[in-house]
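Take a look at the structure set out below.
Number of protein chains: 2
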Amino acid sequence: GDIMEETGALIRKRRATISTGKCVPLKQVNGRSEVDESVNGRSDSGNIVTKRNVSDLPSTTSKERKKRINVPSDRQSCHRLQESLLSSASGYRNYRGVLNWCVVMLCLTTVFCFSRYGILVDPIQVVSLFIKDPYNMPAACLVIVSNVFIVAALYTERRLSVGCFSERVGLLVHSINLSVTLCFPVTIVLMVKSITPVGGASALGVYTVLFLKLYSYKDVNKWCREMSHAKARSLARSLSCSSIPRSRESGQDYQVSYPGNVTLRDLYYFVFAPTLCYELNFPRSPRIRMSFLLRRLFEMLFFTQLLVGLTQQWMIPIIQSSMKPLEDMDLPMMMERLLRLAVPNHLLWLIFFYWFFHSSLNFIAELLQFGDREFYRDWWNSETITYFWQNWNIPVHKWCLRHFYKPLLKSGVSKWLGQSAVFLASAFFHEYLVSVPLKMLRPWAFMGMMAQLPLAWFVARFLRGNYGNAAVWLSLIIGQPIAVLMYVHDYYVLHYREGEY
Amino acid sequence: GDIMEETGALIRKRRATISTGKCVPLKQVNGRSEVDESVNGRSDSGNIVTKRNVSDLPSTTSKERKKRINVPSDRQSCHRLQESLLSSASGYRNYRGVLNWCVVMLCLTTVFCFSRYGILVDPIQVVSLFIKDPYNMPAACLVIVSNVFIVAALYTERRLSVGCFSERVGLLVHSINLSVTLCFPVTIVLMVKSITPVGGASALGVYTVLFLKLYSYKDVNKWCREMSHAKARSLARSLSCSSIPRSRESGQDYQVSYPGNVTLRDLYYFVFAPTLCYELNFPRSPRIRMSFLLRRLFEMLFFTQLLVGLTQQWMIPIIQSSMKPLEDMDLPMMMERLLRLAVPNHLLWLIFFYWFFHSSLNFIAELLQFGDREFYRDWWNSETITYFWQNWNIPVHKWCLRHFYKPLLKSGVSKWLGQSAVFLASAFFHEYLVSVPLKMLRPWAFMGMMAQLPLAWFVARFLRGNYGNAAVWLSLIIGQPIAVLMYVHDYYVLHYREGEY
Chain A
1 GDIMEETGAL IRKRRATIST GKCVPLKQVN GRSEVDESVN GRSDSGNIVT
51 KRNVSDLPST TSKERKKRIN VPSDRQSCHR LQESLLSSAS GYRNYRGVLN
101 WCVVMLCLTT VFCFSRYGIL VDPIQVVSLF IKDPYNMPAA CLVIVSNVFI
151 VAALYTERRL SVGCFSERVG LLVHSINLSV TLCFPVTIVL MVKSITPVGG
201 ASALGVYTVL FLKLYSYKDV NKWCREMSHA KARSLARSLS CSSIPRSRES
251 GQDYQVSYPG NVTLRDLYYF VFAPTLCYEL NFPRSPRIRM SFLLRRLFEM
301 LFFTQLLVGL TQQWMIPIIQ SSMKPLEDMD LPMMMERLLR LAVPNHLLWL
351 IFFYWFFHSS LNFIAELLQF GDREFYRDWW NSETITYFWQ NWNIPVHKWC
401 LRHFYKPLLK SGVSKWLGQS AVFLASAFFH EYLVSVPLKM LRPWAFMGMM
451 AQLPLAWFVA RFLRGNYGNA AVWLSLIIGQ PIAVLMYVHD YYVLHYREGE
501 Y
Chain B
1 GDIMEETGAL IRKRRATIST GKCVPLKQVN GRSEVDESVN GRSDSGNIVT
51 KRNVSDLPST TSKERKKRIN VPSDRQSCHR LQESLLSSAS GYRNYRGVLN
101 WCVVMLCLTT VFCFSRYGIL VDPIQVVSLF IKDPYNMPAA CLVIVSNVFI
151 VAALYTERRL SVGCFSERVG LLVHSINLSV TLCFPVTIVL MVKSITPVGG
201 ASALGVYTVL FLKLYSYKDV NKWCREMSHA KARSLARSLS CSSIPRSRES
251 GQDYQVSYPG NVTLRDLYYF VFAPTLCYEL NFPRSPRIRM SFLLRRLFEM
301 LFFTQLLVGL TQQWMIPIIQ SSMKPLEDMD LPMMMERLLR LAVPNHLLWL
351 IFFYWFFHSS LNFIAELLQF GDREFYRDWW NSETITYFWQ NWNIPVHKWC
401 LRHFYKPLLK SGVSKWLGQS AVFLASAFFH EYLVSVPLKM LRPWAFMGMM
451 AQLPLAWFVA RFLRGNYGNA AVWLSLIIGQ PIAVLMYVHD YYVLHYREGE
501 Y
């Protein structure tokens, strides 16, 4: 009796494993229940062939199987109730090949253009975007000076860790350091005449990233001190190396605990690592894969070429030709130019996304043996605007969640207000990175970001599934060039029209 | 002891089920084993968010969970060892959004073109492709005459079912009927001057489909007779309605068994049904979904417009401009024109594929409540040429497998020879459908199909994964326009150059 009960329990347990595991569920198709093979988007092509070929033969008992050679009746039934794969009802979602198709088409177009027009990139023009005078590079100097703020943050943390600074003094020093990190480059960019807009934007980008990193550094070190003060040292150690099997597996991987991490080497690793969230013990990849590194390097070079070529040959002519309609506020012509600008602008954005978030960040991560390569998630499938913003830029999203949204929630702010605050902060930084280098304060980037809130509400409320996804794509394709045209128009009016009068 | 053994066997069986089932395997990432969530391409976006948000919090015991509000240390570790989604190592394959992107881009381009150039389709030109003289429509007459062959096949089967014809006589009559089905339209198309190439190709297409359907009809009925002669009537009934739960579920769904199916109504249902393989009891969908039907109808109309517009505005100008280089055998110019032709030709083929295999066949199937909508499989992911040919056209593939390849194997032919024979037959029909309407016998279509065999060997031998997939795409993009240019050139030389001299 006992044995029976025990084995019965064992079977029930296994059954539970089966049902909670990610097995293919029995799916209701047209009111009838049947195992839907095609739903499984994960199995590779080879598997599908095998499976399908097997299912072509209807299941026969062993008795019937013997007769198969004589009685060919098992070939009679060769249809079964099912939806086409492209119907959304089929639930099929494996379109890796479509991505490859896009790559093949892009390469063919590039080859065709190069064979027809030759190499179109003008390198001197590119360099002149960044610097006006090779003996006077203020943007580069600005980036070099940023080391001061890194060292200041480390100094403050050192003092805090040994107790020389109280928490209050530490917070004050950090706040001053962080606000100077944001304000100092602004004054330089606005004051120095020889800084170009592109050079200024790059320098400001570096400072913004540094600001976010140092903010995270300050927060995490504070949490570590809070933990030690709570006299939960044992807990702290087990949490700081969260995945215990890792340290168990590879004995040589030593785990750093709190005061040991406040070193120059540790901080500079974090500054160069492709993440904005500080952690005492980052997951590390076991070795540098040379072939991976070289492929990413090749992609970086190829896509840089493509980005510059497309901008010079496609974007700039359209932008120049849309100045006249924009000045005259000629609405039909403006719409036409906007649609013409939308396609190259969107392609540039997509190539930029791949170039930065896949090629470049993976290249840096591989060099530094940084293990977490989640720089983006599947935003291309996003069916709501919110999902897109949560998944296209994971380093920033992670930072916002960890150092802004969750602390806000903890301080009693409502969920909706917290989300709006994140969008507001994001809008501020977008404006900061565009207005300051162009040396003109216009609200377009800010408004573009804030317009996402009602848009997100609208899409989530009225559109579902593939229609929602199409709406996200449309907002990307149409929304961006509007903002671009606005800034370009204002910049043009400010700098070139003045000369005319 | 016996009970232990039995339950032990049961557990082993369950374990086998788990390991062969489609559960997510423990995946080796960078040498460490961990359950990879991102692999699961099937879960929809919403699910991923939930799962990810949960995984943001490292797993904590209930003791620690209580302390979470006071000790914020669970926020410390926010990275884990993982690959980027676009890296092939991640195994992620859900790119439904990329397909939507293609649709959005296509619609935007169409809207842009229409808003700029107006509606470009010339309907009179389209009609004139099919008929020269509205009072003399030989292609339409040819299609109407095809009913004779359907009735002849039914008559033969009736005679066979009651025993008036012996199997031998039946085979002879069927063979005559089938060969006349193939040869009769050829003589008409070649003899009647007023048939246009497009009209002729359509009529021949109808006759080819009819030939394949009647061949299948003859085979299946023969199998049914073989079964009844084997005195296995009870077995026959259980097999003819292969999915037993269906008949059990809905009592009103009666299942036809052999001699009852030889009716005019049954045969005409099969003739119009979107399949080439006859079956006594087709799976039926429970009702006609009006919204589905209307969406497919809209797609059919929209894509017809697009197909005609693209051909008239994009294809024909390029083809006309490539006649001169082709005549002079100017190789660099020919290459350039080929590349220029490749993109519109490929887009047309893709739109045609969707228009025919998804919209049109689903529309017909919905009207006829035909249940099996598998008209294509995931050929866009194919990593070998063979996989592409096995999956892009399922009705033909199913027919070849059931009525040509498997009988060949059974008669002792080797697997490789059987595959080559299928390609040979396919090449014959491609040639048949192109050469006869153009009234010129050129080997390009035949050679194009036969060239797939060495190409398939090459791709399978040297290319894997995404590279194999890219090779399949390239062969589609480059291969087709070569054959198109060949025929167009020869047709042009034959019909227009003659007039010059």
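Protein chains in written order, with UniProt numbering: chain A, 1 to 501; chain B, 1 to 501.
In this text, a Cβ means the ideal position worked out from N, Cα and C, and glycines have one as well.
Beta-carbon proximity check, residue i vs residue j, cutoff 7 Å
i	j	result
I318(B)	L341(B)	yes
S216(B)	H397(B)	no
L301(A)	L348(A)	no
N136(B)	S194(B)	yes
F446(B)	A427(B)	yes
Y95(A)	V126(B)	no
L338(B)	P443(B)	no
W101(B)	W473(A)	yes
M323(A)	Y492(A)	yes
L204(B)	L433(B)	yes
For residue j and residue i, the rounded distance between their alpha carbons
i	j	result
S90(B)	P395(A)	19 Å
K27(A)	E83(A)	Unreliable positioning characterises K27(A) in this predicted model, as indicated by a pLDDT of 38, which lies under 50. The coordinate reading is nonetheless provided below. Rounded to the nearest angstrom, the two C-alpha atoms are 12 Å apart.
P286(B)	Q369(B)	7 Å
M486(B)	L455(B)	20 Å
L326(B)	A483(B)	13 Å
G448(A)	H430(A)	9 Å
M191(A)	A139(A)	12 Å
L453(A)	R377(A)	21 Å
P407(A)	F458(A)	28 Å
A460(A)	S128(B)	48 Å
Y269(A)	G163(A)	25 Å
P123(B)	H495(B)	24 Å
P58(B)	V189(A)	Reliability of the predicted coordinates at P58(B) is poor, the pLDDT of 38 falling under 50, and the value obtained from them is presented with this limitation in mind. Roughly 42 Å separates the two Cα atoms.
I144(B)	P185(B)	12 Å
L86(A)	L85(B)	23 Å
L331(B)	I478(B)	16 Å
H346(A)	L476(A)	7 Å
S38(A)	F356(B)	Residue placement at S38(A) is poorly supported in this model, since its pLDDT is 37, which falls under 50; the coordinates still yield a value, given next. Approximately 21 Å, taken between the alpha carbons.
E366(B)	L306(B)	24 Å
D490(A)	P344(B)	39 Å
Y117(A)	Q320(B)	23 Å
Residue i versus the options, residue with shortest Cα-Cα distance
i	options	result
V103(A)	S382(A), N221(A), G465(A) and Y354(A)	Y354(A)
I131(B)	L106(B), P185(B), P197(B) and C400(B)	P197(B)
L361(A)	W416(A), T208(A) and L293(A)	L293(A)
V220(B)	R442(B), V262(B) and F184(B)	V262(B)
V169(B)	V493(B), K218(B), F149(B) and W380(B)	K218(B)
F423(A)	F357(A), L441(A), K410(A) and F388(A)	F388(A)
S161(B)	C183(B), C107(B), R225(B) and R116(B)	R225(B)
M450(B)	V436(B), Q419(B), M440(B) and Y467(B)	Q419(B)
E383(A)	R373(A), G468(A) and V206(A)	G468(A)
I316(A)	V488(A), M440(A) and A201(A)	V488(A)
E279(A)	R295(A), M290(A), V343(A) and Y258(A)	Y258(A)
L267(A)	N391(A), V413(A), Y155(A) and H79(A)	Y155(A)
F149(B)	K410(B), L178(B), R80(B) and L417(B)	L178(B)
Partner residues on chain D for residue i, Cβ-Cβ distance less than 7 Å
i	result
Q82(A)	Among the protein chains in the structure shown, which are A and B, there is no chain D.
query = Three or more beta-carbon pairs under 8 Å between the segment 163-180 of chain B and the segment 105-115 of chain B, yes or no?
reply = no
key: Interface residues of the segment 475-489 of chain B facing chain A [CB-CB below 9 Å]   = Cβ contacts with chain A come from I477 and I478.
query = Of all the residues that make up the segment 170-182 of chain A, which are near chain B by a beta-carbon distance shorter than 7 Å?
reply = none
query = Three or more C-beta pairs closer than 8 Å, one from the segment 85-100 of chain B and one from the segment 271-290 of chain B: is that the case here?
reply = no
query = What residues in the segment 89-101 of chain B bring their beta carbon closer than 8 Å to a beta carbon of chain A?
reply = Within the segment 89-101 of chain B, the residues whose Cβ lies closer than 8 Å to any Cβ of chain A are, in chain order, G91, Y92, R93, N94, Y95, R96, G97, V98, L99, N100 and W101.
query = Along the segment 393-408 of chain A, what residues have a CB closer than 8 Å to any CB found in chain B?
reply = K398, L401, R402 and K406
message = Using a Cβ-Cβ cutoff of 9 Å, what residues of the segment 423-449 of chain A are near chain B? List them in chain order.
response = Against chain B - using a Cβ distance shorter than 9 Å - the segment 423-449 of chain A contributes no residues.
request  = Identify each residue in the segment 292-306 of chain A for which the Cβ-Cβ distance to at least one residue of chain B is less than 9 Å, and report them in chain order.
outcome  = F292
key: the segment 317-345 of chain B: positions lying closer than 8 Å to chain A by Cβ   = E336, L339, R340, A342 and V343
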